[in-house]
Amino acid sequence: MIEISIREMLEAGAHFGHQTQYWNPKMKPFIYGAKNGVHIIDLQKTQPLFEESCRYLVKVVSEGGDILFAGTKRQAQSIVEDEAKRCNMFYVNKRWLGGTLTNFRTIKASLMRLKDLEKKMAEGGFEVLTKREKLEIEREIKDLQSSFGGIKEMTRLPQVIFLIDAQKEQIALQEAVRLKIPVVALADTNCNPNGIDYLIPANDDALKSIRYFCHKVADACLEGLDQRGTVMREKVKEGESLVKEAVIGTRGHAYVSRPESYEKEGVGQYSSEQAFADEKEKDKEP
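Following this note's numbering, the numbering of the sequence shown begins with 1059 at its first residue and continues without gaps.
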């Protein structure tokens, strides 16, 4: 279970909002007060909301879902990339291209183009080109990696999108809402929380705050992956036991699928070949 500490959030500066003149009235329920012209976020309200968000992410990932991290502001870029990679999830950290979600079918063509160029480059397929042509290819690869590097292996729409600064990532938010993709978002006092399914009211500008929340979200994804692995192992185990029951000690037909572990029949097992031979002998009986 992911533990969320108010003390750790305070140390990360998660309670500092924006200057009071830049606030969004819809964030009023999450504001404790103001100090020196800056709104202070009520972390006692942030804590249960973030815990709920993490529980939801664990559940989604454990059931096979993918999370897309999105944070394109300068101070979030490296953190978003590092944490998304750590939990083996997808990310967009440079520029959100309109249609990344709503026009994903077209985006997939660009992803295929990127993977194809990278493969040919690795295999030396561009060595026959002129220096100028090769530079153009390298420039195209660099541009595609900048735009799509974090979603290169994404073959379907994500089940959830996690936003750093919902105000800045408005296009991503609108696309997710349009496609009914649940949104988990870090939102400061200047944000409009409309459309956010799991709101995390906190400082979305400070480096320490961004790192803290991204790290916890990645931890939630890792916990979900661990649970997913446990479920898969149990299913495989159940499947193998069912196959054993169907094969061992069976007389007559044994037309069952066997896992790789049964490629070599062990002592005491009754193989499908033996079953077929017995069936032929049975047919010969008067």
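Note that CB positions come from ideal geometry on N, CA and C, so glycine has one too.
Exposed unless 16 or more other CB atoms sit within 10 angstroms - verdict on residue i
| i | result |
| --- | --- |
| Ala1167 | exposed |
| Gly1208 | buried |
| Ile1064 | exposed |
| Asp1223 | buried |
| Glu1227 | buried |
| Glu1141 | buried |
| Asp1262 | buried |
| Leu1101 | buried |
| Asp1201 | exposed |
| Thr1104 | buried |
| Val1294 | exposed |
Residues of its chain near residue i, where Cβ-Cβ distance is below 7 Å and the 5 sequence neighbours each way are ignored
| i | result |
| --- | --- |
| Pro1251 | Lys1084, Met1085, Ala1245, Leu1257 |
| Lys1210 | Leu1169, Leu1172, Lys1173 |
| Ile1219 | Leu1126, Ala1128, Ala1230, Ala1234, Ile1239, Val1241 |
| Glu1139 | Tyr1149, Asn1151, Gly1208 |
| Ser1111 | Val1242, Tyr1256, Ile1258 |
| Ile1165 | Gly1157, Thr1158 |
| Phe1162 | Leu1215 |
| Cys1249 | Asn1082, Met1085, Ala1224, Gln1225 |
| Arg1236 | Thr1160 |
Separation of residue j from residue i, as counted between CA atoms
| i | j | result |
| --- | --- | --- |
| Leu1231 | Val1150 | 13 Å |
| Lys1189 | Glu1181 | 17 Å |
| Glu1196 | Glu1066 | 44 Å |
| Gly1282 | Phe1074 | 30 Å |
| Thr1247 | Lys1238 | 25 Å |
| Ser1204 | Arg1214 | 20 Å |
| Lys1152 | Phe1206 | 9 Å |
| Leu1187 | Thr1160 | 36 Å |
| Glu1194 | Glu1292 | 50 Å |
| Gln1079 | Arg1113 | 34 Å |
| Asp1124 | Cys1272 | 15 Å |
| Trp1154 | Lys1143 | 18 Å |
| Asn1082 | Leu1107 | 19 Å |
| Tyr1090 | Ile1254 | 21 Å |
| Lys1266 | Asp1284 | 27 Å |
| Leu1221 | Pro1087 | 21 Å |
| Lys1131 | Met1179 | 31 Å |
8 Å Cβ cutoff met for residue i and residue j
| i | j | result |
| --- | --- | --- |
| Thr1158 | Glu1233 | yes |
| Val1242 | Leu1068 | no |
| Leu1175 | Glu1198 | yes |
| Val1289 | Ser1120 | yes |
| Ala1260 | Ala1134 | no |
| Ala1092 | Ile1099 | no |
| Phe1148 | Met1212 | yes |
| Arg1286 | Gly1122 | yes |
| Val1118 | Gln1217 | yes |
| Lys1192 | Phe1184 | yes |
Contacts around residue i, its chain only, beta-carbon distance under 6 Å, and the 5 residues preceding and following it disregarded
| i | result |
| --- | --- |
| Arg1269 | Ile1137 |
| Ala1264 | Gly1071 |
| Cys1145 | Ala1276, Cys1279, Leu1280 |
| Glu1109 | Ile1062 |
Own chain, CB closer than 8 Å to residue i, minus 5 neighbours either side, in chain order
| i | result |
| --- | --- |
| Gln1077 | Gly1095, Val1096, His1097 |
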